[in-house]
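Below is one structure, written out as structure tokens; the observations come after it.
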Amino acid sequence: MMAQYLTLKADFPDTLLFYRMGDFYEMFYADAEKAAGLLDITLTTRGQSAGQPIPMAGVPFHSVENYLARLIQAGESVAICEQVGDVATAKGPVERKVVRVVTPGTLTDTELLNDKSESILLAVHNGGRGRRGLAWLAVTQGELHLAECPVGELAAWVERIGPSELLVAADLASADEQALQAARAGSRRAPALTRRPEWQFDADLGRRKLLEQLGAASLAAWNAEELPQAHAAAAALLAYAEHTQGRALTHVRGLRVARPGEAIDLPATTRRNLELVQTLRGEDSPTLFSLLDTCQTGMGSRLLKSWLLAPPCDRAVARERLGAIGALQAGEAWQRLRARLKGTSDVERITARLALAQVRPRELVALRTSLQKQELLAAVPQGPEALLTQILEDLQPPAEALALLQAALLEEPAALIREGGVIAPGLDAELDELRGIQDNCDAFLLDLEARERQRTGIGNLRVQYNKVHGFYIEVTQGQAAKVPEDYRRRQTLKNAERFITPELKAFEDKALSAQERALAREKWLYEQLLQQLQPHVPQLGRYARALATLDVLCALAERSRTLGWCAPEFVREPCIEIRAGRHPVVEARLAETGGGAFIPNDTVLGPRARMQIVTGPNMGGKSTYMRQVALIVLLASLGSHVPAQSCRLGPVDAIHTRIGAADDLANAQSTFMLE
41 MMAQYLTLKA
51 DFPDTLLFYR
61 MGDFYEMFYA
71 DAEKAAGLLD
81 ITLTTRGQSA
91 GQPIPMAGVP
101 FHSVENYLAR
111 LIQAGESVAI
121 CEQVGDVATA
131 KGPVERKVVR
141 VVTPGTLTDT
151 ELLNDKSESI
161 LLAVHNGGRG
171 RRGLAWLAVT
181 QGELHLAECP
191 VGELAAWVER
201 IGPSELLVAA
211 DLASADEQAL
221 QAARAGSRRA
231 PALTRRPEWQ
241 FDADLGRRKL
251 LEQLGAASLA
261 AWNAEELPQA
271 HAAAAALLAY
281 AEHTQGRALT
291 HVRGLRVARP
301 GEAIDLPATT
311 RRNLELVQTL
321 RGEDSPTLFS
331 LLDTCQTGMG
341 SRLLKSWLLA
351 PPCDRAVARE
361 RLGAIGALQA
371 GEAWQRLRAR
381 LKGTSDVERI
391 TARLALAQVR
401 PRELVALRTS
411 LQKQELLAAV
421 PQGPEALLTQ
431 ILEDLQPPAE
441 ALALLQAALL
451 EEPAALIREG
461 GVIAPGLDAE
471 LDELRGIQDN
481 CDAFLLDLEA
491 RERQRTGIGN
501 LRVQYNKVHG
511 FYIEVTQGQA
521 AKVPEDYRRR
531 QTLKNAERFI
541 TPELKAFEDK
551 ALSAQERALA
561 REKWLYEQLL
571 QQLQPHVPQL
581 GRYARALATL
591 DVLCALAERS
601 RTLGWCAPEF
611 VREPCIEIRA
621 GRHPVVEARL
631 AETGGGAFIP
641 NDTVLGPRAR
651 MQIVTGPNMG
661 GKSTYMRQVA
671 LIVLLASLGS
681 HVPAQSCRLG
691 PVDAIHTRIG
701 AADDLANAQS
711 TFMLE
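Numbering (my numbering), first residue to last: 41 to 715.
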């Protein structure tokens with residue numbers, strides 16, 4: 041057994057190996073010592089090696105997700121090794137293999153993921169000539185991202201992307217090492233650093249893998265042909281993602297190239313000082329995101345966060361979103377839609393797990409329920425708005441996939457397929473027959489018990505079953521002398537004897553065989569169902585994206601109505617004209633705490649007044665005013681209404697702020713008082 045373990049462990053030298061033994065995942069040697077310290081579990085020993093006890097630690101398989109979450113939080117990766125052979129027929133150790141690898145950047149398990157955040161895997165390639173290639177994705181999404189940047193901008197790119205795990209070549213250059221360490225140090229939680237062989241970062245290989253992944257003959261459609269450094273990063277990224285999932289990422293069919301000038305530049309200092317997604321204290325609230333996020337679904341919250349952190353420079357995108365918000369507010373359609381979106385499952389993540397064959401029965405039932413929400417379509421306003429028109433097209437559920445789910449699954453299936461009780465009756469005649477044998481078991485036992493009582497004259501005779509001894513006839517010790525000759529003793533208890541008869545033994549063989557065969561049949565049918573659903577993954581991905589976009593637009597419409605915001609106006613000339621503007625987070629905080637009303641402020645900047653100097657006493661509102669302007673510009677640029685009476689805004693390509701490093705506006709604490 042230890043020889044098998046060491047062979048498997050050799051393929052995962054830097055990863056904790058969870059080795060399945062019965063009802064536990066066991067770890068040995070250094071893995072056991074590390075896990076015992078991180079998980080606060082007992083460290084024991086098993087056998088010896090070279091005269092020394094072998095350290096061992098284990099966790100129960102039925103609660104493994106809790107332990108995985110703690111290890112991932114600590115930046116560790118875990119290889120899950122399962123028993124795949126038949127214990128009954130195995131000669132020597134039962135066959136085992138690693139079925140998946142759980143790492144911080146490749147999470148797909150619902151229990152390990154945050155509903156409102158993505159787990160991003162980023163690969164960085166040092167291609168020389170002062171340029172670096174980047175490729176990243178969230179495994180639960182269907183889109184790859186590519187970029188190239190000068191080495192001096194690498195740290196800024198990494199901070200902007202916010203990966204959970206970084207892939208780099210084993211022989212990383214010292215300059216890159218320093219840049220990445222600086223980026224990791226600036227992160228709220230430093231991403232795990234994983235080193236891969238240099239040969240995996242190959243531009244030609246990356247280009248071929250991208251074409252295969254996208255099912256395309258050329259990358260020209262994405263304007264991604266001349267990005268050799270990014271192609272090299274993509275080669276390592278896709279190889280690692282497929283390695284951890286144990287299969288190809290068939291759901292990843294999109295590609296986006298990030299180029300300078302496409303999104304408004306929000307440096308790390310700007311994101312921190314404006315408290316977009318976390319406060320200066322590192323808390324999730326009160327922030328601009330926590331104020332805006334009234335989304336009804338996790339995928340809506342994640343999309344909103346991505347809009348917030350990458351507002352487009354192209355005003356056409358913002359105008360499209362603003363037009364959709366206006367249409368949703370006309371007739372208050374947003375209210376009806378939000379009520380119908382409530383309770384919708386995370387279709388995006390379920391679809392990804394379906395594509396990876398990791399989806400659980402209850403997740404498929406949740407998907408089925410979401411696909412049945414036809415009332416969503418009726419509530420989406422129809423009109424000239426292009427974004428809503430696209431949403432309506434993509435919200436058409438795949439009818440064949442829905443029919444498969446309706447026919448195949450019980451209303452309330454078991455949590456895991458290995459437990460059985462998942463496939464609906466009527467789908468498969470063989471399964472129905474095997475279940476019929478099991479269902480008739482109780483009736484047979486009652487009939488046998490009545491017949492044996494009459495035959496033996498033993499009034500308290502009982503026919504029963506347990507998992508250890510199977511079926512048996514139980515007779516008290518006082519009646520044991522009355523048993524017939526065809527009774528064979530199976531177990532002796534203090535006050536009773538347990539027997540089996542040829543008739544009961546024949547039934548036992550049939551019943552237990554039916555149970556095992558039914559479970560095997562259910563597993564096979566479930567696998568067939570997943571295969572039949574695979575062709576519908578692309579449409580399910582579009583359906584999920586449409587749901588998320590609709591959810592975000594409805595949330596922004598609600599925020600505008602509830603908080604009294606207005607639609608901004610975009611103009612070509614350079615200007616920022618804000619009438620009666622307010623800081624959205626401070627205003628909301630004052631309303632919550634009863635701290636009084638926020639005093640609105642005007643801002644007028646243009647060709648004749650390109651700069652303003654703001655002066656005033658401590659706690660006079662200087663920092664609040666400056667951040668207020670930045671937040672209004674940001675909200676308008678992402679396509680949201682803004683906290684003002686009116687807003688005219690010219691082109692914007694970046695937002696830079698460096699205000700007191702320690703002030704806390706929401707809690708009325710100034711830079712002067714804190715510093």
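Every residue, glycine too, gets a C-beta built ideally from N, C-alpha and C.
Could you tell me which of the options sits nearest to residue i, measuring between CA atoms?
| i | options | result |
| --- | --- | --- |
| isoleucine 616 | Leu449, Thr602, Val669 | Val669 |
| arginine 287 | Ala97, Tyr512, Thr146 | Thr146 |
| valine 191 | Thr334, Arg172, Phe52, Leu432 | Arg172 |
| cysteine 189 | Glu459, Glu562, Leu79, Gly170 | Gly170 |
| glycine 581 | Leu411, Glu525, Pro100 | Leu411 |
| glycine 27 | Lys413, Val420, Pro351 | Nothing about residue 27 can be read from this structure; the chain reaches only from 41 to 715. |
| aspartate 434 | Ala264, His576, Tyr65 | His576 |
| lysine 522 | Gln123, Glu537, Phe511 | Glu537 |
| arginine 380 | Ala607, Ala406, Glu360, Leu416 | Leu416 |
| glutamine 285 | Val399, Gln568, Gln574, Val142 | Val142 |
| glutamine 418 | Gly167, Ala373, Gln430 | Here residue 418 is alanine; the residue named in the question, glutamine, does not match the sequence. Checking every option, the nearest Cα to that of alanine 418 belongs to Ala373. |
| glutamine 401 | Trp347, Gly383, Leu449, Val508 | The sequence given here has proline at residue 401, not glutamine. Of Trp347, Gly383, Leu449, Val508, the residue nearest in Cα terms is Leu449. |
| histidine 185 | Ala163, Ala441, Ser204 | Ala163 |
| leucine 277 | Leu259, Glu567, Ala178 | Ala178 |
| arginine 561 | His623, Lys131, Asn506, Asp468 | Asp468 |
| proline 624 | Glu315, Gly132, Thr47, Thr310 | Glu315 |
May I ask you to check if the CB of residue i is nearer than 7 Å to at least one heavy atom of the ligand SAM?
| i | result |
| --- | --- |
| leucine 259 | The ligand SAM is not part of this structure, which contains no ligands at all. |
Going by DSSP, which residues form a beta bridge with residue i?
| i | result |
| --- | --- |
| arginine 528 | Ile540 |
| proline 190 | Arg171 |
| proline 578 | BP columns for proline 578 are empty, so no partner. |
| leucine 23 | Here the chain comprises residues numbered 41 to 715, so residue 23 is not present and cannot be evaluated. |
| lysine 137 | Glu122 |
| proline 352 | Ala303 |
| cysteine 606 | Val682 |
| glutamate 183 | Gly294 |
| tryptophan 176 | Leu162, His185 |
| isoleucine 463 | Leu449 |
Using the three-state DSSP reduction, which class does residue i fall into: helix, strand or coil?
| i | result |
| --- | --- |
| methionine 42 | helix |
| isoleucine 618 | strand |
| tryptophan 197 | helix |
| isoleucine 498 | coil |
| leucine 714 | Because the pLDDT of leucine 714 is 48, which lies under 50, any placement of that residue in the model is unreliable, and the number read from its coordinates should be weighed accordingly. The answer is helix: DSSP assigns leucine 714 an H, G or I state. |
| isoleucine 160 | strand |
| glutamate 613 | coil |
| asparagine 263 | coil |
| alanine 560 | helix |
| lysine 522 | helix |
| lysine 249 | helix |
| methionine 659 | coil |
| leucine 417 | helix |
| serine 258 | coil |
| glutamine 668 | helix |
| leucine 449 | strand |
| valine 626 | helix |
Just to confirm the assignment, what range does the alpha helix (DSSP H) spanning residue i have?
| i | result |
| --- | --- |
| serine 204 | No alpha helix (DSSP H) holds serine 204; DSSP gives it neither H nor E. |
| glycine 13 | Here the chain has residues from 41 to 715 only, and residue 13 is not among them. |
| glutamate 514 | Per DSSP, glutamate 514 belongs to no alpha helix (DSSP H); it is in the beta strand (DSSP E), 510-516. |
| threonine 309 | 308-313 |
| asparagine 641 | Where asparagine 641 is concerned, there is no enclosing alpha helix (DSSP H), although the beta strand (DSSP E) it sits in stretches over 641-645. |
| glutamate 66 | First-last for glutamate 66: 64-68, but that is the beta strand (DSSP E), not the alpha helix (DSSP H). |
| phenylalanine 241 | Neither: phenylalanine 241 is in no alpha helix (DSSP H) and is coded neither H nor E. |
| isoleucine 112 | 104-113 |
| glutamine 398 | Here glutamine 398 belongs to no alpha helix (DSSP H), and DSSP marks it neither H nor E. |
| glycine 476 | 469-479 |
What first and last residue would you give for the beta strand (DSSP E) that runs through residue i?
| i | result |
| --- | --- |
| alanine 97 | 92-100 |
| arginine 296 | 294-297 |
| glycine 690 | Run containing glycine 690: none; DSSP gives neither H nor E here. |
| alanine 232 | 232-236 |
| threonine 84 | 84-89 |
| arginine 60 | 56-61 |
Practice task
Taking 8 Å as the threshold, find out whether the region 203-210 comes into contact with the region 229-248 through three or more Cβ pairs.
Solution key: yes
Exercise for the section: Answer yes if the region 348-357 comes into contact with the region 100-119, meaning at least three C-beta pairs across the two stretches below 8 Å, and no otherwise. Expected result: no
Practice task
Pair every Cβ in the region 676-683 with every Cβ in the region 591-611, then say whether three or more of these pairs are closer than 8 Å.
Solution key: yes
Exercise for the section: Please confirm if the region 650-663 is in contact with the region 585-601, defined as three or more CB-CB distances below 8 Å between the two stretches. Expected result: no
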